[in-house]
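See structure below.
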Amino acid sequence: MNELIGRVYGFAKQVFPDQSDLYSKLATHGQNPKALMISCADSRVVPEHIMQAAPGDLFVCRNAGNIVPPYAMQNGGVTSTVEYAVMVLGIRDIIVCGHSDCGAMKAVANPAGLEKMPNVAAWLKHSCAAEQVVNEGYPEMESADRVRAISLENVVAQLNHLRTHPSVAAGIARGEIALHGWFFDIGAGQVLALDGRTGRFLPLTEGEELPVALPATQRLAGEVLLEAAE
Numbered sequence: 290m291n292e293l294i295g296r297v298y299g300f301a302k303q304v305f306p307d308q309s310d311l312y313s314k315l316a317t318h319g320q321n322p323k324a325l326m327i328s329c330a331d332s333r334v335v336p337e338h339i340m341q342a343a344p345g346d347l348f349v350c351r352n353a354g355n356i357v358p359p360y361a362m363q364n365g366g367v368t369s370t371v372e373y374a375v376m377v378l379g380i381r382d383i384i385v386c387g388h389s390d391c392g393a394m395k396a397v398a399n400p401a402g403l404e405k406m407p408n409v410a411a412w413l414k415h416s417c418a419a420e421q422v423v424n425e426g427y428p429e430m431e432s433a434d435r436v437r438a439i440s441l442e443n444v445v446a447q448l449n450h451l452r453t454h455p456s457v458a459a460g461i462a463r464g465e466i467a468l469h470g471w472f473f474d475i476g477a478g479q480v481l482a483l484d485g486r487t488g489r490f491l492p493l494t495e496g497e498e499l500p501v502a503l504p505a506t507q508r509l510a511g512e513v514l515l516e517a518a519e
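The sequence shown begins at 290 in the working numbering and counts up one residue at a time.
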């Protein structure tokens, strides 16, 4: 802890003076982040570091397993963060980011020991779809490969949950919100992104088109129904 406190002193003496104009602008004019990232609370996964983001660039929500519970009429930190990001901050890009060697996904793969952590066990039930997809779609996988597959499928599952949130659903329908599914490989320092057209995760490669899980395109089903009725 003393080491961390020492870094706070270093921030005040060395970092802040070089960025004082930026912090002054943020303090005066408020925030206007470019994206919401929902990532795991794992200490090895730092969204601002991965994206080389400056203060004010990212609105971040971190929790065990980068989980987005399906929308329900119950207050929750993730639900409130998503709602605020979309309806107040006007964020149009939402990223769900999983990662390699995820402890939460290891627990989903092998829940032994969770009986002593009832809250964690209940929370990880939001990832049961990912586990079932892997159990039925990748029955031959074992150990580390199985955990990695669950981690990737968990990103897909949480994106599906995200679409149940009214503010997100409305933004998608208007063509104002794009969804991104990312996976950070800690050892390789590589980010994979879900391509919604193929359903596969592809490496982010400089100079090539960014794979997007759900591009921002207007999707008003009611208009189709009206045209069909005519």
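Quick reminder that beta carbons are idealized off the backbone N, C-alpha and C, glycines included. Because the structure is a prediction, the values reported are computed rather than measured.
What first and last residue would you give for the alpha helix (DSSP H) that runs through residue i?
i, result
"Asp-310", "309-318"
"Leu-441", "432-451"
"Leu-365", "A small fix is needed here, since residue 365 is Gly in this sequence, not Leu. Careful: Gly-365 lies outside any alpha helix (DSSP H) and carries neither H nor E."
"Ile-339", "336-339"
"Ile-294", "291-299"
"Gln-421", "417-426"
"Val-409", "407-413"
"Val-397", "392-398"
Do you know offhand how far residue i's Cα is from residue j's?
i, j, result
"Ala-510", "Leu-451", "19 Å"
"Val-501", "Ala-361", "26 Å"
"Thr-453", "Ala-410", "22 Å"
"Phe-305", "Leu-311", "9 Å"
"Ala-458", "Ile-356", "18 Å"
"Ala-374", "Leu-448", "16 Å"
"Thr-487", "Ala-316", "43 Å"
"Cys-391", "Glu-512", "42 Å"
"Met-290", "Val-444", "33 Å"
"Ile-270", "Val-334", "As shown, the chain starts at 290 and ends at 519. That puts residue 270 outside it, with no answer to give."
"Pro-407", "Ser-313", "44 Å"
"Phe-348", "Ala-433", "31 Å"
"Pro-400", "Ser-309", "47 Å"
"Glu-372", "Leu-293", "32 Å"
"Glu-495", "Ile-383", "20 Å"
"Leu-404", "Ser-369", "Note that residue 404 is Glu in the sequence shown, not Leu. When rounded, the distance between both Cα atoms is 28 Å."
"Glu-497", "Gly-402", "44 Å"
"Asn-364", "Ser-416", "19 Å"
"Gly-387", "Pro-455", "23 Å"
"Arg-296", "Glu-420", "40 Å"
"Gly-299", "Pro-428", "51 Å"
For the beta strand (DSSP E) that residue i lies in, which residues bound it at each end?
i, result
"Val-349", "347-352"
"Leu-325", "324-329"
"Ala-467", "467-474"
"Ala-462", "No beta strand (DSSP E) holds Ala-462; the alpha helix (DSSP H) holding it covers 455-463."
"Gly-387", "382-388"
"Val-480", "479-484"
"Arg-489", "489-492"
Ordered along the chain, which non-local residues of its own chain (more than five positions away) have a Cβ less than 6 Å from that of residue i?
i, result
"Lys-480", "The question names Lys, but residue 480 is Val in the sequence shown. Contacts found: Trp-471, Phe-473, Leu-493."
"Ala-418", "Ala-446"
Closer than 7 Å by C-beta to residue i: which residues in its own chain qualify, once you throw out the five before and the five after it? Chain order, please.
i, result
"Arg-437", "Ser-389"
"His-318", "none"
"Val-423", "Met-430, Arg-435, Ala-438, Ile-439, Glu-442"
"Phe-490", "Leu-441, Phe-472, Leu-481, Ala-482, Leu-483"
"Gly-426", "none"
"Leu-413", "Gly-354, Ala-393, Ala-396, Val-397"
Is the beta carbon of residue i less than 8 Å from the beta carbon of residue j?
i, j, result
"Leu-503", "Ile-461", "yes"
"Ile-327", "Val-385", "yes"
"Pro-359", "Gly-345", "no"
"Ala-324", "Ala-353", "no"
"His-469", "Ala-477", "no"
"Arg-381", "Ala-505", "yes"
"Gln-320", "Leu-378", "yes"
If you drop the 5 nearest sequence neighbours on each side, which residues of the same chain put their C-beta closer than 8 Å to that of residue i?
i, result
"Gln-507", "Ala-462, Arg-463, Gly-464"
"Val-367", "Ile-327, Cys-350, Asn-352, Ile-356, Val-357, Pro-358"
Beta-carbon of residue i versus every beta-carbon of chain C: anything under 8 Å?
i, result
"Gln-507", "Protein chain content of the structure displayed is limited to a single chain, and chain C is not contained in it."
Sufficient close CB pairs (3 or more, under 8 Å) joining the region 331-349 to the region 396-416
No, they do not touch.
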